[in-house]
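Just so we're aligned, residue 645 is where the sequence shown starts under our numbering, counting upward by one. Yeah, the Cβ is synthetic: ideal placement off N, Cα and C, and Gly gets one too.
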Amino acid sequence: MGKGIFHRSELLMGKQVMTSMAEKRVILFGIGGVGSWCAESLIRTGITKLTIVDSDRVCVTNVNRQLMATSRTVGQVKTEALKDRLLEINPGAEITALQKIYSKETSDDFDLDSYDVIIDAIDSLGSKVHLIRRATETDALFVSSMGAALKVDPTRVRVDTFWKVKGCPLARKIRKMVRKVGEPSRDFLCVYSDELLENAGADATCGTEKCLCPKAENGPGDPDLVNHEWCSLKAAINGSLAHITGIFGMTLAGLVIQKIKEEGA
């Protein structure tokens, strides 16, 4: 069964590239609307050593755009829910699920120098800036997602190097921040869109007493993260859709796969 799963991939990529892909150690930070689809594409194509990092549990508001978020998985630890999904695709894959927060304080816990590929799909600006700076100090291939919210048009999703991204407010904020704290050690590819719409719906309940994030005195996963949520820390909660976040995630995976193919050709 293992060989059969990747038969169509091998027809296109060749045995040497598939072997190389299976040997790469990949770490993915953030498995929300973008990261979850990225993980799915990587595992379906032939990546077999994947570490997924996220601190959250599945919220009902994730269901519209996150791969592992369904009515059945609401309340589950995101990394565990996605791990289950990925192992259904390839039971032989080595999926390491880390329910952790990446930050300046926790960065040493991840041993980034031990990975061949580092993928950034996190939202927190401070953590994202730190990850960008730290990842670009390694020898790993590094790719990053810019903002995928407030977009509808799939034809406006683009790829460019970090300093050339245009029309993305998140990229502007990150560039401003890194100029203050220290620029990345090298340039890297980003997925972004120059489309920017406005929220048209009702006021968000996120971060208020009406918050829809799963709450409990006890729950699965790390006890310190049972009622953890990011929404109340955000300036605004922006709408986002599965086809856009999916394209972002699949494109990130595509950049990784393309690079491995180029190296193995």
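Residue i (DSSP reduced to helix, strand or coil)
i: leucine 655; result: helix
i: alanine 779; result: helix
i: valine 721; result: strand
i: arginine 701; result: strand
i: glutamate 684; result: helix
i: proline 813; result: helix
i: leucine 885; result: coil
i: threonine 750; result: coil
i: glutamate 842; result: coil
i: methionine 821; result: helix
i: serine 664; result: helix
i: glutamine 902; result: helix
i: asparagine 862; result: coil
i: aspartate 868; result: helix
i: threonine 895; result: helix
i: lysine 744; result: coil
i: leucine 730; result: helix
i: alanine 827; result: Note that residue 827 is glutamate in the sequence shown, not alanine. Looking at glutamate 827 - three-state DSSP - the assignment turns out to be coil, as it is neither helix nor strand.
i: isoleucine 649; result: helix
i: alanine 708; result: Sequence check: residue 708 is asparagine here, not alanine. Three-state DSSP puts asparagine 708 in coil, outside helix and strand.
i: glycine 908; result: helix
Counterpart residues of residue i in DSSP-defined beta bridges
i: arginine 802; result: Tyr836
i: lysine 693; result: Arg669, Glu738
i: leucine 785; result: Val761
Spatially closest choice to residue i from the options, by CA coordinates
i: serine 699; options: Val870, Asp728, Val835, Pro735; result: Val870
i: glycine 690; options: Phe754, Asp752, Gly736, Arg729; result: Gly736
i: glutamate 749; options: Leu730, Ala741, Gly770; result: Gly770
i: isoleucine 696; options: Gln710, Lys727, Asp752; result: Lys727
i: serine 653; options: Lys808, Arg688, Ala741; result: Arg688
i: valine 704; options: Leu694, Val721, Lys693, Thr692; result: Val721
i: alanine 784; options: Asp752, Val670, Glu724, His872; result: Val670
i: threonine 780; options: Ala741, Ser789, Glu827; result: Glu827
i: serine 884; options: Val678, Asp752, Met894, His872; result: Val678
i: arginine 778; options: Met790, Asp753, Ile904; result: Asp753
i: isoleucine 745; options: Glu724, Leu730, Ser768, Glu738; result: Ser768
i: leucine 730; options: Gln743, Pro798, Leu694; result: Leu694
i: proline 867; options: Gly674, Gln902, Gln743; result: Gln743
i: threonine 723; options: Phe673, Thr692, Ser715, Ser751; result: Phe673
i: glutamate 667; options: Ser680, Trp681, Thr692, Gly658; result: Thr692
i: isoleucine 776; options: Thr799, Ser751, Pro798; result: Ser751
Cutoff 8 Å; reference residue i; Cβ partners in own chain excluding five residues on either side
i: threonine 782; result: Leu756, Asp757, Tyr759, Ile762
i: isoleucine 733; result: Ile649, Glu684, Ile687, Arg688
i: alanine 805; result: This sequence places threonine at residue 805; alanine is not what is there. Result list for threonine 805: Asp831, Phe832, Leu833, Cys834, in chain order.
i: alanine 815; result: Met790, Gly791, Phe806, Val809, Cys834, Tyr836
i: serine 664; result: Ile904, Glu907, Gly908
Supposed contact pair residue j and residue i - C-beta distance, whole angstroms, cut 8 Å
i: isoleucine 888; j: valine 796; result: 7 Å
i: valine 787; j: leucine 896; result: 5 Å
i: tryptophan 681; j: glycine 893; result: 3 Å
Own chain partners of residue i with C-beta closer than 7 Å, once the 5 adjacent residues on each side are dropped
i: phenylalanine 650; result: Met662, Gly690
i: lysine 772; result: Asp764, Ile766, Ile818
i: lysine 810; result: Asp838
i: asparagine 882; result: Ala793, Leu794, Asn843
i: glutamine 660; result: Gly908
i: lysine 647; result: none
i: glycine 845; result: Gly883
Cβ shell of residue i (< 6 Å), same chain only, five flanking positions each side left out
i: alanine 713; result: Val702, Asn706, Val707
i: histidine 774; result: Lys748
i: glycine 676; result: Gln710
i: proline 813; result: none
i: leucine 840; result: Leu794
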